[in-house]
Amino acid sequence: MNQSRILPFYMAYPLPMYYEEEDTVTRDLEYLQQMYPMEAKRYQKIIVEMLNQMDYEGSMIYDEYPDKWQLYRLTQIIMDKIKRMDSMEQDKNEGNETDKMTGKSWEQIEELVQVLLYYEIYKKRHANHRGILKF
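Plus 1 on top of the position in the sequence shown (first one is 1) and you've got the numbering used here.
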């Protein structure tokens, strides 16, 4: 009998170890996302809500090559929602001068929203049905 062909028991079924590694990656990702600045967390929450509405079979977020114009348009829709929320907050805090837009640049916010949007789309595209990212 040829002993070199016998596999050790832990090599016969390597998949459980594979899922543990993916679970570690997912936990690490979630931990790092918790450390986002407050404004980025707020924008990410809005982006996730919008993408959850677009999460259906045949959606443009699952296209092999998503259209740049459609992604830009989605960014503009998200920015409109952020601006509406910001104006409502300003109306509530109208008496407080320090709460008004100090240091905010809408162009910079739009770039941040685009990066967060593309990242959230990436996560949705590479998540399988059990919610584990595929790398």
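Think of the CB as a built atom: it goes at the ideal place given N, C-alpha and C, for glycine as much as any other residue.
From residue i to residue j, what does the alpha carbon distance come to, in whole angstroms?
i: Gln35; j: Asp87; result: 22 Å
i: Glu58; j: Arg126; result: 11 Å
i: Met51; j: Gln77; result: 12 Å
i: Glu31; j: Ala41; result: 14 Å
i: Gln91; j: Gln109; result: 19 Å
i: Asp68; j: Glu112; result: 17 Å
i: Ser60; j: Pro38; result: 30 Å
i: Asp24; j: Glu95; result: 46 Å
Take the Cβ of residue i as the centre, count every other Cβ of all protein chains shown within 10 Å, and call the residue buried at 16 or more, exposed below.
i: Ile7; result: exposed
i: Val114; result: buried
i: Leu33; result: exposed
Considering only C-alpha positions, which residue in the set the options is nearest to residue i?
i: Asn53; options: Leu75, Tyr32, Trp107; result: Leu75
i: Lys124; options: Trp70, Gln45, Ala41; result: Gln45
i: Lys82; options: Asp29, Val49, Pro67; result: Val49
i: Arg43; options: Ile79, Arg28, Ala128; result: Ile79
i: Lys84; options: Tyr119, Pro67, Ser106, Tyr37; result: Ser106
So, at 7 Å on beta carbons, what are the nonlocal neighbours of residue i in its own chain, with the 5 sequence-adjacent residues on each side left out?
i: Glu65; result: none
i: Asp56; result: Lys125
i: Arg28; result: none
i: Ile47; result: Ile79, Lys82, Ile83
Please return the same chain residues whose Cβ sits closer than 8 Å to the Cβ of residue i, not counting the five positions on each side in sequence.
i: Ile62; result: Leu52, Met55, Asp56, Ile122, Lys125, Arg126
i: Tyr119; result: Leu72
Counting only the same chain and skipping the five closest in sequence on each side, list residues whose C-beta sits under 6 Å from that of residue i.
i: Val116; result: none
Using only the heavy atoms of the ligand ADP, determine whether one of them is closer than 6 Å to the beta carbon of residue i.
i: Arg74; result: The ligand ADP is not among the ligands present in this structure, which contains no ligands whatsoever.
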